[in-house]
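Trainee: One point on numbering: in UniProt numbering, the residue at position 18 of the sequence shown is 18, and numbering is uninterrupted.
For glycine and all other residues, C-beta sits at the position ideal for the given N, C-alpha and C.
Small disclaimer: the values here were computed from a predicted structure and weren't measured.
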Amino acid sequence: MSDVESEKVVSVSSRGQATIPKQFREELGIDTPGRVKFIRTEEGDIVVRPIHSVTDLRGVLEGKTDEQGRSATERLQEERTADKASQLPIAEAMGLSVDSRSADQ
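(1) If you reduce the DSSP assignment to three classes, tell me which class D104 lands in.
(2) Given residue 117, which residues of its chain have a CB within under 6 Å of its CB, disregarding the five upstream and five downstream residues?
(3) Enumerate in chain order the residues of its own chain whose CB-to-CB distance from R75 is below 8 Å, with the five nearest sequence positions on each side excluded.
(4) Report back the beta-carbon spacing between P50 and G29 to the nearest angstrom; my notes put them in contact at under 8 Å.
(5) Tell me where the alpha helix (DSSP H) around R80 begins and ends.
(6) To which residues of the same chain is E62 closer than 7 Å at the C-beta, ignoring the five residues directly before and after it?
(7) What are the complete beta strand (DSSP E) segments, minimum 3 residues, inside the stretch 1 to 54?
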């Protein structure tokens, strides 16, 4: 990041917290309370971006896998299927009709 438009030094607490200066929060549209994401560039700079909705997080886990090599999407699908399967006996005991296709979706 060769062009520096503005700069501000802040302290980092013992808990790793730093306050984003009001000027930067306003310029970036960061709500308080709110959420931000930190992005490390290829040059090693850290960029702070506001998160306004869940869709702003899209791609954060792209290419990342767990210990078994499963993507976040695969793991969520497996957990959802397992959750639904565990609820089938309860639903049947209550006399509720169960669509078997929904456990696979």
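Mentor: Looking at the coordinates:
(1) Annotation note: pLDDT 48 at D104 (below 50); position unreliable, coordinate value reported separately. D104: helix per DSSP, three-state reduction.
(2) Here the chain has residues from 1 to 105 only, and residue 117 is not among them.
(3) D66
(4) 5 Å
(5) 72 to 93
(6) none
(7) 35 to 40, 46 to 51
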